[in-house]
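Okay, structure first, notes after.
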Amino acid sequence: KEVIRIDEKFQHSINLKLDQMRKEPIENYIPTQASMKILCEYLGELTGKKKEASTMLIGPYGKGKSHLLLVLLSILSCDLPQSVFEKIKITDPETADLVTQIRKENKKYLPVLVSSVPGFSMNQILLFALREALEKNGLSDIAPETAFTEALRILEKWEKEYSDVYARFCEYLTEHQTDVQDLKKNLKRKHKQSLELFKELYPMLTAGSTFMPLMQSETIRSYQQIIRSLTEECGYEGIFIIFDEFSKYIEGHEKSGFAEDMKTLQDMCELADSRKEEQMYLTFVAHKSIHEYVKSIDSEMIHAFRGVEGRLKE
Numbered sequence: 136k137e138v139i140r141i142d143e144k145f146q147h148s149i150n151l152k153l154d155q156m157r158k159e160p161i162e163n164y165i166p167t168q169a170s171m172k173i174l175c176e177y178l179g180e181l182t183g184k185k186k187e188a189s190t191m192l193i194g195p196y197g198k199g200k201s202h203l204l205l206v207l208l209s210i211l212s213c214d215l216p217q218s219v220f221e222k223i224k225i226t227d228p229e230t231a232d233l234v235t236q237i238r239k240e241n242k243k244y245l246p247v248l249v250s251s252v253p254g255f256s257m258n259q260i261l262l263f264a265l266r267e268a269l270e271k272n273g274l275s276d277i278a279p280e281t282a283f284t285e286a287l288r289i290l291e292k293w294e295k296e297y298s299d300v301y302a303r304f305c306e307y308l309t310e311h312q313t314d315v316q317d318l319k320k321n322l323k324r325k326h327k328q329s330l331e332l333f334k335e336l337y338p339m340l341t342a343g344s345t346f347m348p349l350m351q352s353e354t355i356r357s358y359q360q361i362i363r364s365l366t367e368e369c370g371y372e373g374i375f376i377i378f379d380e381f382s383k384y385i386e387g388h389e390k391s392g393f394a395e396d397m398k399t400l401q402d403m404c405e406l407a408d409s410r411k412e413e414q415m416y417l418t419f420v421a422h423k424s425i426h427e428y429v430k431s432i433d434s435e436m437i438h439a440f441r442g443v444e445g446r447l448k449e
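First residue of the sequence shown: 136, per my numbering; consecutive thereafter.
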């Protein structure tokens, strides 16, 4: 006890969501040959040397999975501390070369951290994670096409079913020197200012609720549209999705709705593997191999799980 002291910085486990914006956990990272081998796999995919966009990272509790992914996200945000890069260079020069390549090419990816939410479908979980990632990175103003169509759908519903609400909305528009016909016309033309006006007035007519089109739209289309906007307007290469604690999600899921959720994940894997211009990468974090789950879940759930299993590299 007089000679050896435990560094308090290493006493706590890493939480991806909480530690993502903190420098200290990343600066304290200690690369090992085993972890650099895995990091090299991921960076090889991002630099085009490998072709697995959908993966599953497996390791027992306390092995360092989350810490490794935290460093990966730092690299993808072009924000890796030089001190950590030097440690990587000493441990594994090949991995360091890939980090240097990503830095030179300025390959920046939006990190989307997914975690299960009780009572939410997989569609809702993925859309919520995407919206949270956009907000966290100051990209809330990026509007998918579905936002415009959803605003038009709501206006149509108000006009047909809630005439008093629709009348009040028209009055508010008059105060902003416009009318509902012009607004609809501009929403159809995907004018962002018109969408912003609709979002501003929406809470006044819905008891303060927020207009959240991403929570009502189709997951695959929303991700495609957001990735396209990120690459064309914001200088990103694409999106990197991490589904943390995937083990707990599988083990805690009820039979009802499981097949539908697995179909959503299967579609997301297919989108990631399609290798189009808009790039998307998807990794699941688990504590044991995917094959071991068949012992603890219902046979129908196992069958639904197979579609996802075949699309993941462990």
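Glycine included, each C-beta is placed from N, C-alpha and C at the ideal position.
Roughly how many angstroms separate the alpha carbons of residue i and residue j, rounded to a whole number?
i: H147; j: E176; result: 27 Å
i: R303; j: V315; result: 11 Å
i: S409; j: K136; result: 56 Å
i: K448; j: L245; result: 22 Å
i: G183; j: I237; result: 11 Å
i: I193; j: Q168; result: 17 Å
i: E180; j: E187; result: 6 Å
i: I282; j: R140; result: The sequence given here places Ala at residue 282; Ile does not occur at that position. Those two C-alpha atoms are separated by around 55 Å.
i: K450; j: K320; result: The structure shown does not extend to residue 450, since the chain is modelled only from 136 through 449, so no value can be given for it.
i: Y384; j: V247; result: 17 Å
i: E444; j: S391; result: 19 Å
i: K325; j: F220; result: 43 Å
i: S212; j: E159; result: 16 Å
i: D317; j: Q328; result: 12 Å
i: T418; j: K292; result: 39 Å
i: I277; j: Y358; result: 12 Å
i: D299; j: F333; result: 17 Å
i: R266; j: Q155; result: 16 Å
i: S218; j: E353; result: 42 Å
i: F476; j: G254; result: Residue numbering for the chain in the displayed model covers 136 to 449; residue 476 lies beyond these limits and cannot be assessed.
i: A407; j: D142; result: 40 Å
i: G387; j: R157; result: 30 Å
i: N150; j: S189; result: 22 Å
i: K224; j: E405; result: 34 Å
i: L269; j: L153; result: 16 Å
i: V249; j: H202; result: 16 Å
i: S364; j: K271; result: 17 Å
What residue from the options has the CA that sits closest to residue i's CA?
i: N258; options: M156, I437, R356, E372; result: R356
i: G197; options: G445, V247, M339, K423; result: K423
i: P166; options: K222, D214, Q155, P160; result: K222
i: V234; options: Q414, L215, I225, T226; result: L215
i: G273; options: E291, C369, H326, V300; result: C369
i: K242; options: L308, T366, I277; result: T366
i: E389; options: C404, V252, S218; result: V252
i: M339; options: I361, K325, E306, H326; result: E306
i: L287; options: C404, L178, L330, A264; result: L330
i: P195; options: G442, F381, S275; result: F381
i: T345; options: S275, E240, K224, I161; result: S275
i: L308; options: T226, Y337, K295; result: Y337
i: A170; options: V249, S250, S189, L204; result: Reading off the sequence, residue 170 comes out as Ser, not Ala. Taking only the C-alpha atoms, the option nearest S170 is L204.
i: Y164; options: T226, F440, E405; result: T226
i: I260; options: M403, L178, F440; result: M403
i: L178; options: E240, K295, E294; result: E240
i: Q401; options: S364, H202, R441; result: R441
Is it right to say residue i is buried, meaning 16 or more other beta carbons lie within 10 angstroms of its own, or is it exposed?
i: L322; result: buried
i: A342; result: exposed
i: H311; result: exposed
i: M191; result: buried
i: T420; result: Sequence inspection shows Val at residue 420; the Thr mentioned does not correspond to that position. Flag for V420 reads buried.
i: E372; result: buried
i: M415; result: buried
i: E285; result: buried
i: R446; result: buried
i: I289; result: buried
i: I361; result: buried
i: I161; result: buried
i: V138; result: exposed
Determine which residues share a DSSP beta bridge with residue i and list them.
i: V452; result: This structure gives no information on residue 452, because the portion of the chain shown stretches from 136 to 449.
i: A421; result: I193
i: Q120; result: For residue 120 there is no data in the structure shown, the boundaries of the chain being 136 and 449.
i: Y244; result: G373
i: K320; result: DSSP output for K320 lists no bridge partner at all.
i: K448; result: T190
Any beta carbon from chain B within less than 8 Å of residue i's own beta carbon?
i: F283; result: No chain B is part of this structure, which consists of one protein chain only.
Open item on the list: I want to know whether the region 432–441 touches the region 392–409 - three or more CB-CB distances under 8 Å.
Closed with: yes
- [ ] Count the CB pairs spanning the region 370–384 and the region 195–211 that are closer than 8 Å, and state whether there are at least three.
- [x] yes
Open item on the list: Measuring CB atoms only, is the region 160–178 touching the region 217–233, in the sense that at least three cross pairs come out at less than 8 Å?
Closed with: yes
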